[in-house]
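Novice:
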Amino acid sequence: MSWTENVRKVVPYVPGEQPKLDKIIKLNTNENPYGPSPKVIEVLKNFDTDVLRKYPDPNASDLVNAIADYHNVTSDRVFVGVGSDDVLSMAFLTYFNSDLPVLFPDITYSFYDVWANLYRIPFETKKLRDDLTIDASDYDMPCGGIIIPNPNAPTGVAENVDFFENIIKKHPECVVIIDEAYVDFGAQTCLPLTDKYDNILVVRTYSKSRSMAGSRIGYAIGSPRLIKYLLDCKFSFNSYTMDSITIASGVASIKDEEYFADKVAKVIATRERVKPQLRELGFDFADSKSNFIFATHKTVDANIIFEKLKASNIFVRHFKNPSRIDNYLRISIGTEGEMDELIKVLKEIL
Ligand code: PMP
Numbered sequence: 061m062s063w064t065e066n067v068r069k070v071v072p073y074v075p076g077e078q079p080k081l082d083k084i085i086k087l088n089t090n091e092n093p094y095g096p097s098p099k100v101i102e103v104l105k106n107f108d109t110d111v112l113r114k115y116p117d118p119n120a121s122d123l124v125n126a127i128a129d130y131h132n133v134t135s136d137r138v139f140v141g142v143g144s145d146d147v148l149s150m151a152f153l154t155y156f157n158s159d160l161p162v163l164f165p166d167i168t169y170s171f172y173d174v175w176a177n178l179y180r181i182p183f184e185t186k187k188l189r190d191d192l193t194i195d196a197s198d199y200d201m202p203c204g205g206i207i208i209p210n211p212n213a214p215t216g217v218a219e220n221v222d223f224f225e226n227i228i229k230k231h232p233e234c235v236v237i238i239d240e241a242y243v244d245f246g247a248q249t250c251l252p253l254t255d256k257y258d259n260i261l262v263v264r265t266y267s268k269s270r271s272m273a274g275s276r277i278g279y280a281i282g283s284p285r286l287i288k289y290l291l292d293c294k295f296s297f298n299s300y301t302m303d304s305i306t307i308a309s310g311v312a313s314i315k316d317e318e319y320f321a322d323k324v325a326k327v328i329a330t331r332e333r334v335k336p337q338l339r340e341l342g343f344d345f346a347d348s349k350s351n352f353i354f355a356t357h358k359t360v361d362a363n364i365i366f367e368k369l370k371a372s373n374i375f376v377r378h379f380k381n382p383s384r385i386d387n388y389l390r391i392s393i394g395t396e397g398e399m400d401e402l403i404k405v406l407k408e409i410l
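Each position in the sequence shown, counted from 1, maps to that position plus 60 in our numbering.
(1) Please go through the stretch 116-142 and give each complete alpha helix (DSSP H) segment of 4 or more residues, from N-terminal end onward.
(2) One question on the structure: do residue 165 and residue 208 come within less than 8 Å of each other, judged by their Cβ atoms?
(3) Starting from residue 339, follow the alpha helix (DSSP H) in both directions and report where the run begins and ends.
(4) Just verifying my parser: in three-state terms, what is the DSSP assignment at residue 98?
(5) Strictly by DSSP, which residues pair up with residue 209?
(6) Using 10 angstroms around the beta-carbon of residue 172, count the other beta-carbons present and answer buried if the total reaches 16, otherwise exposed.
(7) From this set, 290, 137 and 363, which residue's C-alpha is nearest residue 148's C-alpha?
(8) My assumption, with CB atoms under 8 Å, is that residue 353 sits in contact with residue 377. Please give the rounded CB distance.
(9) Report the rounded CA-to-CA distance for residue 177 versus residue 404, giving the unit in angstroms.
(10) Please list the terminal residues of the continuous alpha helix (DSSP H) segment that includes residue 172.
(11) Within 10 angstroms of the Cβ of residue 397, are there 16 or more other Cβ atoms? Answer buried if so, exposed if not.
(12) Beta carbon of residue 303: closer than 7 Å to some heavy atom of the ligand PMP?
(13) Any heavy atom of the ligand PMP within a distance shorter than 7 Å of the CB on residue 241?
(14) Three-state secondary structure (DSSP) at residue 301?
(15) Cβ atoms of residue 217 and residue 192: under 8 Å apart, would you say?
(16) Would you tell me roughly how many angstroms separate the C-alpha atoms of residue 103 and residue 184, rounded to the nearest one?
(17) Count the other CB atoms within 10 Å of the CB of residue 269; is the residue buried (16 or more) or exposed (fewer)?
(18) How many angstroms separate the CA atom of residue 299 from the CA atom of residue 333?
(19) Need the endpoints of the beta strand (DSSP E) that residue 265 sits in, please.
(20) For the candidate residues 255, 389, 311 and 407, whose alpha-carbon lies nearest to that of residue 341?
(21) Reducing DSSP to helix, strand and coil, say where residue 395 ends up.
(22) Following the continuous beta strand (DSSP E) through residue 163, name the residue where it begins and the one where it ends.
(23) Would you say residue 273 and residue 91 are within 8 Å of each other, going by their C-beta atoms?
(24) Got a sec: does the ligand PMP put a non-hydrogen atom nearer than 7 Å to the Cβ of residue 382?
(25) Does the beta-carbon distance from residue 70 to residue 174 come in below 8 Å?
(26) Just verifying my parser: in three-state terms, what is the DSSP assignment at residue 358?
(27) Could you check how far apart the C-beta atoms of residue 390 and residue 214 are, in whole angstroms? I think they sit under 8 Å.
(28) Which word fits residue 66, buried or exposed, when buried means at least 16 other C-beta atoms lie within 10 angstroms of its C-beta?
(29) State the CB to CB distance for the pair residue 163 and residue 187, rounded to an integer number of angstroms; the pair is presumed to be in contact (CB under 8 Å).
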């Protein structure tokens, strides 16, 4: 027998391309086209590098307290991690520990099945309707947990709080996770449900609405009991997840509400302006409440558009799996100028 038979083998998640080229229009990973708050830049410029000699605060208390203040919850209801991927991965490990399957949509964030396979968690996917909405009745069965992003990714389609409350009410036996990576761009948040139900975890990220994908900050809010279980697993895995610089810049960002609100409003305004332009060019898409539009063209193949845009140095995302969505492109919302250029090039291509 070879040692390779004893190795854990997984099929990893494939992140969007990060091209090294200059002068590209990068609409493929849902980053925010605007920089982080000037308050963050100030923290980075003035950071006392002697601090780096020491381990960071394992509880990241400054950041946890700032997030708790911002959302008006107690600090024992907040968990922070290295991007929401870290938070979600830890949440899978902590909460999904049943022989029953964890449920999530068939078209959703493609990391969920990767974590489930990594941790050997049984799972079952539930087919979205043809209009890419979620059928809540699909989740009406005993299960080991539920995870749904709101808005869903990569569709951009949002459901309302009542929709999620109806699901949660039926599942006192497991944890329900709502991944709110894109919620700031116009969807309803499920945060109020975390006051009412002790088994719902809401996960957020700094990567999109706070323009800080490079800093890797994510967080979760839930009941104190839920957070305690998560912390116990995290401290059994890696104590020092958040570095000192990131903790300080995360605090500065969440305290600058004005900048945050302004940039989110700008992205939303650009998205709404671009929607009719894309429709006019022959694209079809469900209404998006996120910082991207998930569109299919009535006549031209997604792969052809993808390659032609790439040749013009415009990067969008094309998921080849599942095959149900292989004729769609996910187009992140960039600056006004970037979107103008996209529309101009699309007019030439189509
Ligand atoms: N959830 C969803 C739905 C996402 O699309 C992403 C971005 N890839 C994440 C979580 C993870 O984001 P991050 O780790 O940058 O917080």
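C-beta: ideal position from N, C-alpha, C; glycine also.
Specialist: In terms of the structure at hand:
(1) If only complete runs of 4 or more residues are kept, the stretch 116-142 shows the alpha helix (DSSP H) at 121-131, in order along the chain.
(2) Numbered from its first residue, the sequence shown carries residue 165 at position 105. Numbered from its first residue, the sequence shown carries residue 208 at position 148. Yes; because the gap between Cβ atoms is below 8 Å, this pair is in contact.
(3) The sequence position of residue 339 within the sequence shown is 279, counting from 1. Here the alpha helix (DSSP H) through residue 339 covers 317-340.
(4) Start at 1 with the first residue of the sequence shown, and residue 98 comes out as number 38. Helix at residue 98.
(5) Against the sequence shown, residue 209 aligns to sequence position 149. Answer is 239, bridged to residue 209.
(6) Taking the first residue of the sequence shown as 1, we reach residue 172 at position 112. When all chains shown are included, residue 172 counts as buried.
(7) Numbered from its first residue, the sequence shown carries residue 148 at position 88. Of the listed residues, the one whose Cα sits closest to residue 148 is 290.
(8) Along the sequence shown, read from residue 1 onward, the residue named residue 353 stands at position 293. Along the sequence shown, read from residue 1 onward, the residue named residue 377 stands at position 317. Their Cβ separation, rounded to whole angstroms, is 11 Å, which puts residue 353 and residue 377 out of contact at 8 Å.
(9) Looking up residue 177 in the sequence shown gives position 117. Looking up residue 404 in the sequence shown gives position 344. Each residue's alpha carbon lies about 42 Å from the other.
(10) As a first step, residue 172 is located in the sequence shown; it is residue number 112 there, counting from the start. Per DSSP, residue 172 is one residue of the alpha helix (DSSP H) stretching across 172-178.
(11) The residue given as residue 397 occupies position 337 in the sequence shown. Residue 397 is exposed by the Cβ-count criterion.
(12) Residue numbering aside, residue 303 sits at position 243 when the sequence shown is read from its first letter. In this structure, residue 303 has its CB at a distance of at least 7 Å from all heavy atoms of the ligand PMP.
(13) Position 181 of the sequence shown, counted from the first residue, corresponds to residue 241. Yes; taking the cut-off as 7 Å, the Cβ of residue 241 has a heavy atom of the ligand PMP nearer than that.
(14) The residue labelled residue 301 in the question sits at position 241 within the sequence shown. Reduced to three states, the DSSP call for residue 301 is coil.
(15) In the sequence shown, residue 192 corresponds to position 132, counting from 1. In the sequence shown, residue 217 corresponds to position 157, counting from 1. Yes, they are a contact pair.
(16) Locating residue 103 in the sequence shown gives position 43, where the first residue counts as 1. Locating residue 184 in the sequence shown gives position 124, where the first residue counts as 1. Their Cα atoms are separated by approximately 44 Å.
(17) The count along the sequence shown starts at 1 and reaches residue 269 at position 209. With 16 or more Cβ atoms within 10 Å of its Cβ, residue 269 is classed as buried.
(18) Here residue 299 refers to the residue found at position 239 of the sequence shown. Here residue 333 refers to the residue found at position 273 of the sequence shown. Whole-angstrom Cα-Cα distance: 45 Å.
(19) Along the sequence shown, one-based indexing puts residue 265 at 205. Residue 265 -> beta strand (DSSP E) spans 260-265.
(20) Within the sequence shown, residue 341 is the residue found at index 281, counting from 1. For residue 341, the nearest C-alpha among the options comes from 407.
(21) Numbered from 1 along the sequence shown, position 335 holds the residue referred to as residue 395. DSSP places residue 395 in coil when its eight states are reduced to three.
(22) Residue 163 sits at position 103 when you count from the first residue of the sequence shown. Boundaries of the beta strand (DSSP E) around residue 163: 162-165.
(23) The residue labelled residue 273 in the question sits at position 213 within the sequence shown. The residue labelled residue 91 in the question sits at position 31 within the sequence shown. Yes.
(24) If you number the sequence shown from 1, residue 382 lands on position 322. Not under cutoff, so the answer is no.
(25) As a working note, residue 70 is residue 10 in the sequence shown. As a working note, residue 174 is residue 114 in the sequence shown. It is a contact, given that the beta carbons lie within the stated cut-off.
(26) Taking the first residue of the sequence shown as 1, we reach residue 358 at position 298. Three-state result, residue 358: coil.
(27) As a working note, residue 390 is residue 330 in the sequence shown. As a working note, residue 214 is residue 154 in the sequence shown. With a Cβ gap of about 4 Å, residue 390 and residue 214 count as contacting.
(28) Numbered from 1 along the sequence shown, position 6 holds the residue referred to as residue 66. The residue is exposed, with fewer than 16 neighbouring Cβ atoms inside 10 Å.
(29) The sequence position of residue 163 within the sequence shown is 103, counting from 1. The sequence position of residue 187 within the sequence shown is 127, counting from 1. Not confirmed; about 11 Å, so no contact.
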